[in-house]
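Read the structure below first, then the notes.
Numbering (our numbering), first residue to last: 4 to 194.
Printed below as a string of structure tokens:
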């Protein structure tokens with residue numbers, strides 16, 4: 004199924020920019036920060052890219068998408084349901100515990116946490132990477148050029164504001180499927 008989906012995405016004109024041999028960052032234990040996130044199709048294209056990278060990636064998706072028949076399919080694709088309205092959920096802690104088990108575990112997170120315009124990125128992706136001791140691999144989905152790729156790996160420091168400014172600045176609104184829904188770094192509250 005994964006190979007078929009990769010082929011479909013490529014047939015739709017998408018270029019998957021894969022790291023060259025010898026330059027590939029550690030992807031089997033990392034947090035992918037994926038942006039811009041302005042459409043559900045980001046997940047469909049992004050999942051194909053993770054599979055093309057041969058990464059068993061996981062992603063948080065709001066629980067409302069897990070109704071039958073989609074729920075079973077999403078779980079098999081590595082999606083983890085979350086209840087964003089329940090403050091008792093400890094998604095960061097759960098992800099850190101999963102990383103602590105050792106072995107391979109990668110998690111793709113959209114720092115915006117929604118498809119609507121966001122002026123301040125959530126800190127969960129950074130907190131998970133920092134507490135788990137794994138790198139953040141900024142990944143992009145560029146609808147304007149129909150390409151998917153990775154930026155240089157970022158190791159989280161103790162300074163969230165500096166780290167998020169550095170990562171957010173990598174992305175442009177013209178990459179988004181809906182450019183008006185992506186708030187660029189110079190217009191965000193992450194400055």
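Every residue gets a Cβ at the ideal spot worked out from N, C-alpha and C, and that includes glycine.
Just how far apart, CA to CA, sit residue i and residue j?
i           : j           : result
residue 134 : residue 147 : 35 Å
residue 168 : residue 188 : 7 Å
residue 22  : residue 114 : 23 Å
residue 31  : residue 15  : 27 Å
residue 96  : residue 68  : 22 Å
residue 117 : residue 46  : 12 Å
residue 5   : residue 35  : 19 Å
residue 55  : residue 190 : 33 Å
residue 38  : residue 159 : 17 Å
residue 59  : residue 99  : 17 Å
residue 49  : residue 41  : 13 Å
residue 141 : residue 71  : 32 Å
residue 101 : residue 84  : 15 Å
Apart from the five residues just before and just after residue i, which ones in its own chain have a Cβ nearer than 8 Å to its Cβ?
i           : result
residue 11  : 51
residue 20  : 150, 151, 152 and 153
residue 119 : 184
residue 43  : 118
In chain order, what residues of the same chain lie with their CB nearer than 6 Å to the CB of residue i, ignoring the 5 residues before and after it?
i           : result
residue 82  : 62 and 64
residue 128 : 34, 36, 112 and 114
residue 145 : 178
What three-state label does DSSP hand residue i in the structure shown?
i           : result
residue 122 : coil
residue 163 : helix
residue 44  : helix
residue 19  : strand
residue 176 : helix
residue 82  : strand
residue 101 : helix
residue 186 : coil
residue 149 : coil
Let me confirm a value: residue i is counted as buried when at least 16 other C-beta atoms fall within 10 Å, else exposed. Which label applies?
i           : result
residue 33  : buried
residue 192 : exposed
residue 137 : buried
Do residue i and the ligand FAD come close, with the Cβ less than 6 Å from some heavy atom?
i           : result
residue 149 : Among the components modelled here there is no ligand, and therefore nothing to report on the ligand FAD.
Task: Validate contact between the stretch 75-87 and the stretch 164-173 using beta carbons, cut 8 Å, 3 pairs - done: no
Open item on the list: Between the stretch 177-187 and the stretch 160-168, can you find at least three pairs of beta-carbon atoms closer than 8 Å?
Closed with: no
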